[in-house]
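K.L.:
Structure in structure tokens, see below.
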Amino acid sequence: MTNTCECFEKCDLFDCATAKLPSTAKSFQDKYCRNDHGNCARYMIFKKLGRDFVPADLFPNERGRALTILDAT
Ligand code: SF4
Numbered sequence: 008m009t010n011t012c013e014c015f016e017k018c019d020l021f022d023c024a025t026a027k028l029p030s031t032a033k034s035f036q037d038k039y040c041r042n043d044h045g046n047c048a049r050y051m052i053f054k055k056l057g058r059d060f061v062p063a064d065l066f067p068n069e070r071g072r073a074l075t076i077l078d079a080t
């Protein structure tokens, strides 16, 4: 059974992160994208506001920043 995030194939984060920080990108994928995407900051905004509202530079572990964005909307 898979628990891969529904955004995985088109998540903007990995276009740049994989190229610049491959080990960090892999770590995020293992922790969030293939496991606990409900706690990913990017996913939180995607689910509530939609893909267009996810900041390009938002990392999955920035839940506090995501909550601030959600509180402001
Ligand atoms: S970074 Fe977050 S939103 Fe993007 S694919 Fe991974 S879990 Fe989903």
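Counting from 8, one number per residue, gives the positions in the sequence shown under my numbering.
Glycine included, C-beta positions come from ideal geometry on N, C-alpha and C.
On a predicted model such as this, the values are computed, not experimentally measured, just so you know.
Mapping the DSSP letters down to three states, classify ALA73 as helix, strand or coil.
P.N.:
DSSP places ALA73 in helix when its eight states are reduced to three.
K.L.:
Once the 5 residues before and after ASN42 are set aside, which same chain residues still bring their CB inside 8 Å of it?
P.N.:
Counting only Cβ-Cβ distances below 8 Å, and skipping sequence neighbours, we find ASN10.
K.L.:
Do you know offhand how far ALA48's Cα is from LYS33's?
P.N.:
Distance between the alpha carbons of ALA48 and LYS33 is about 16 Å.
K.L.:
Using the beta-carbon of each residue, find all residues closer than 7 Å to any heavy atom of ligand 1 and list them in chain order.
P.N.:
Going along the chain, the residues that qualify are CYS12, CYS14, PHE15, CYS18, LEU20, PHE35, GLN36, TYR39, CYS40, HIS44, CYS47, ARG49, TYR50, PHE53 and PRO67.
K.L.:
Reducing DSSP to helix, strand and coil, say where PRO67 ends up.
P.N.:
If DSSP states are grouped into helix, strand and coil, PRO67 belongs with coil.
K.L.:
For the putative contact between MET51 and LEU28, defined by C-beta atoms under 8 Å, what is the C-beta separation to the nearest angstrom?
P.N.:
Their Cβ separation, rounded to whole angstroms, is 21 Å, which puts MET51 and LEU28 out of contact at 8 Å.
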